[in-house]
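Novice: When we follow the working numbering, the leftmost residue of the sequence shown carries the number 18, and every step to the right adds one.
Before I ask anything, let me first share the structure, which is written out below as structure tokens.
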Amino acid sequence: MAQPRLPQTAAIMALAAAFCCCSGSTGFDFHEATVDAIQLGFKNGSLTSTALVRFYLDQITRLNPLLHAVIEVNPDALAQAARADDEHLSGSSRGCVGPLHGVPVLLKDNIATHDRLNTTAGSMV
Ligand SMILES: *[C@@H]1O[C@H](CO)[C@@H](O)[C@H](O)[C@H]1NC(C)=O
Ligand SMILES: *[C@@H]1O[C@H](CO)[C@@H](O)[C@H](O)[C@H]1NC(C)=O
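Structural data, given as structure tokens:
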């Protein structure tokens with residue numbers, strides 16, 4: 018019998034933060050960082066979107082075998098992060114983007130996205 022697939026939840030973010038409060042190589046403390054703090058980090062150069070995405074991809078790799086909370090990862094996440102970093106550096110994103118620009122998020126998979134992620138609501142059929 019096929020194992021039912023659980024929809025993605027935001028739970029892994031909270032758990033990821035609880036398991037690790039390391040800061041990676043950037044000096045930025047990811048533990049319980051708010052969107053405002055992340056955006057400030059982007060602006061003052063203490064954080065990049067790429068470093069943040071790498072941190073969460075690593076957390077998903079480490080914790081998902083236990084938690085089974087994330088069913089897909091955007092294969093373009095690092096490329097999107099690099100583009101957001103370029104835009105932050107060049108200032109080309111100024112005024113054109115919202116506060117989540119360059120900030121990785123987890124979405125429940127009944128939310129359609131404009132990328133290669135499937136929208137299944139937990140079922141491919
Ligand atoms: C840079 O941003 C980070 C993250 O919000 C913050 O912790 C740090 O104090 C900021 N540094 C300066 C010099 O503003
Ligand atoms: C979307 O589903 C297809 C079919 O199962 C799969 O091959 C593909 O890798 C999925 N996309 C992502 C981003 O995981």
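Glycine included, each C-beta is placed from N, C-alpha and C at the ideal position.
Please read these numbers as outputs of a predicted model, since none were measured by experiment.
Using only the alpha-carbon positions, how far apart do F59 and T137 sit?
Specialist: Taking the first residue of the sequence shown as 1, we reach residue 59 at position 42. Taking the first residue of the sequence shown as 1, we reach residue 137 at position 120. So the alpha carbons of these two residues sit roughly 33 Å apart.
Novice: Between the Cα of P92 and the Cα atoms of L74, H118 and S63, which residue gives the shortest distance?
Specialist: Along the sequence shown, read from residue 1 onward, the residue named residue 92 stands at position 75. Out of L74, H118 and S63, L74 has the C-alpha closest to the C-alpha of P92.
Novice: Between G115 and E104, is the Cβ-Cβ spacing less than 9 Å?
Specialist: As a working note, residue 115 is residue 98 in the sequence shown. As a working note, residue 104 is residue 87 in the sequence shown. Cβ atoms of G115 and E104: not closer than 9 Å.
Novice: Out of S140, L134, V142 and T67, which one is the CA nearest neighbour of V90?
Specialist: Here residue 90 refers to the residue found at position 73 of the sequence shown. V90 has its Cα closest to that of L134, out of S140, L134, V142 and T67.
Novice: Check for me: the alpha helix (DSSP H) holding T67 runs from which residue to which?
Specialist: Counting from one through the sequence shown, the residue named residue 67 turns up at place 50. Where T67 is concerned, the enclosing alpha helix (DSSP H) stretches over S66 to L84.
Novice: Given 8 Å as the limit, tell me if F72 has its C-beta closer than that to any heavy atom belonging to ligand 1.
Specialist: Translated into the one-based positions of the sequence shown, residue 72 becomes position 55. F72: no, Cβ never under 8 Å from ligand 1.
Novice: In whole angstroms, what separates the C-alpha of P21 from that of P82?
Specialist: Here residue 21 is taken as the residue at index 4 of the sequence shown, counted from 1. Here residue 82 is taken as the residue at index 65 of the sequence shown, counted from 1. In this predicted model, P21 has a pLDDT of only 43, less than 50, meaning its place in the structure is not dependable enough to derive any value.
Novice: Considering only their Cβ atoms, is the gap separating I88 from D126 smaller than 9 Å?
Specialist: Stepping through the sequence shown from its first residue, residue 126 is reached at position 109. Stepping through the sequence shown from its first residue, residue 88 is reached at position 71. Going by C-beta atoms, D126 is nearer than 9 Å to I88.
Novice: Does DSSP put D93 in a helix, a strand or coil?
Specialist: In the sequence shown, the residue the question calls residue 93 occupies position 76. Coil.
Novice: Since D53 is in the alpha helix (DSSP H), which residue starts that stretch and which ends it?
Specialist: Here residue 53 refers to the residue found at position 36 of the sequence shown. Element bounds for D53: V52 to N61.
Novice: At the 9 Å Cβ level, is N135 part of the contact set with chain B, yes or no?
Specialist: Judged by its chain identifiers, the structure shown contains no chain B, having just a single protein chain.
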